[in-house]
Each structure stands twice: as structure tokens, then as C-alpha cells.
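Participant:
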Amino acid sequence: MPSFKCKDVGMNCPFEAEAKTEGELMTKIATHAAQAHGMTTVPADMMTKIKGAIKK
Ligand SMILES: [Zn+2]
Numbered sequence: 001m002p003s004f005k006c007k008d009v010g011m012n013c014p015f016e017a018e019a020k021t022e023g024e025l026m027t028k029i030a031t032h033a034a035q036a037h038g039m040t041t042v043p044a045d046m047m048t049k050i051k052g053a054i055k056k
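Counting from 1, one number per residue, gives the positions in the sequence shown under the numbering used here.
1. For the beta strand (DSSP E) that contains Ala17, what are its first and last residues?
2. Between the alpha carbons of Cys6 and His32, how many angstroms are there, rounded?
3. Quick check for students: name the residue ranges of the alpha helix (DSSP H) that lie wholly in the region 22-50, counting only runs of 4 or more.
4. Taking all protein chains shown into account, decide if Met26 is buried (16 or more other Cβ within 10 angstroms of its Cβ) or exposed.
5. Once the 5 residues before and after Pro14 are set aside, which same chain residues still bring their CB inside 8 Å of it?
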């Protein structure tokens, strides 16, 4: 199952998420990024980091 830890992209944040699919996981991450980090849009370089940090 794909999983993601916010601290793996250099955030000082305990958030962890997992989902059945990478697409579903990205949605969870985007929601978290907006609510917890004020990122209403995720910059392309952060998106690259997030994709690199997702464990499959
Ligand atoms: Zn976070």
C-alpha cells in the first residue's frame, strides 16, 4: 500500500498517510498540505519531493 510521511520531505510534522492507490494518497497529502501547511497549491518542486518520498 502506498504510504507517505511528511517528515520525509523535510517537514517538522508527524503526519503519515496511506491509501490503496497513489492517486488516493496524493489527494490525502494535498488535503493535509492545505490544512496543516497552508499550501493551497503544491509547488512543482514539492510535488517531485512528495512523489520521491512515497513508499509503495
Ligand atoms: Zn505535514
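Positions of the beta carbon are idealized from the N, C-alpha and C atoms, including for glycine.
Facilitator: The answer reads as follows:
1. Bounds of the beta strand (DSSP E) holding Ala17 are Glu16 to Glu18.
2. Here the alpha carbon of Cys6 sits roughly 9 Å from the alpha carbon of His32.
3. Runs of alpha helix (DSSP H) with 4 or more residues, each lying fully within the region 22-50, are found at 22-37, listed in chain order.
4. Buried, by the Cβ-count rule.
5. Within the same chain, Pro14 has close Cβ partners Cys6 and Lys7.
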